[in-house]
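Using this note's numbering, you'd call the opening residue of the sequence shown number 16 and step up by one each time.
Glycine included, every Cβ here is placed at the ideal spot set by N, Cα and C.
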Amino acid sequence: MLLCDFHIHTKYSDGSVELRRTIDLFGQAGFDVITITDHVVNGDSSIGKIAHRFGLSVKADNFDGYISNIRHEAQRAWDKYGMLVIPGVEITKNYVSSDKSAHILIIDIKEFIPACWSYEKIFLEAKQQDALIIACHPHHMSDMSRSTLYLWNNRDKYARYIDAWEVANRDDVFNVISLKKYPYIANSDFHRTRHLYSWKTLLNCEKNTGSVKQCIRHNKGVAITLFRS
Ligand code: ZN
Ligand code: ZN
């Protein structure tokens, strides 16, 4: 099965490791498929504005450079490690209240999607781009300050748009996802080197972007594993 991590941050947002070094870390650790998913933060809240002020968000004006740098590194990763690297973002809707906040991975994104758009507009645009939509850390986390509950609280309305939910994120496991029988994956939410050792996804499919997206959407041949040194 393919060892995968679909939730990885770099210095393009609030990660502590440069993109190139991140690729080498995962390549040397034997990963088959990764997605780079730096934050695209909403600018319509006080804490969203702070992220923008400190340069912790990919923005419309550096998005194309971000994607082309990932594609350049993806070629190098394929040649050097046989590792597939897919461009993505984490749409980050941060508000003071956890109940209002939500984070969404858009995997295989092609065009910039602003985080201040409505959920419907974001989901429809992502579908238009044939990107995967993943609900991140959707329930209470061990670090309560990071909890993002909006999509879970409004799952009756939004579940039909979501290709998969994170059943595990770094050290946290969200049993509600399995109880609801939602499609699932597990990711590191990598921000620093030690986050390499965390929950991951195993996929039983071919190593190309189309097969990976299909495998997650159908959610057959998907397993999770705790990757340790
Ligand atoms: Zn997040
Ligand atoms: Zn994240």
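Pairing residue 120 with residue 149 gives a Cβ-Cβ distance under 8 Å. Remark: the C-beta of residue 25 is outside contact range of ligand 1, defined as less than 7 Å to any heavy atom. With three or more CB-CB distances shorter than 8 Å, the segment 27-42 counts as touching the segment 52-67. Put simply, the backbone Cα of residue 200 is about 8 Å away from that of residue 215. Closest in alpha carbon position to residue 183, among 132, 206 and 157, is 157. A contact is defined here as three or more CB-CB pairs under 8 Å, and the segment 137-149 fails this definition with respect to the segment 69-86.
If you ignore the 5 residues before and after residue 35, its C-beta comes within less than 7 Å of the C-beta of 88, all in its own chain and listed in chain order. Sequence-distant partners of residue 152 (beyond 5 residues in either direction) whose C-beta falls short of 8 Å from its own C-beta, in its chain, are 118, 161, 162, 163, 181, 184, 187, 189 and 204.
Annotation for residue 239: 182, 183, 199, 200, 201, 214, 215, 216 and 217 place their beta carbon closer than 8 Å to its own, counting only its chain and skipping 5 residues before and after.
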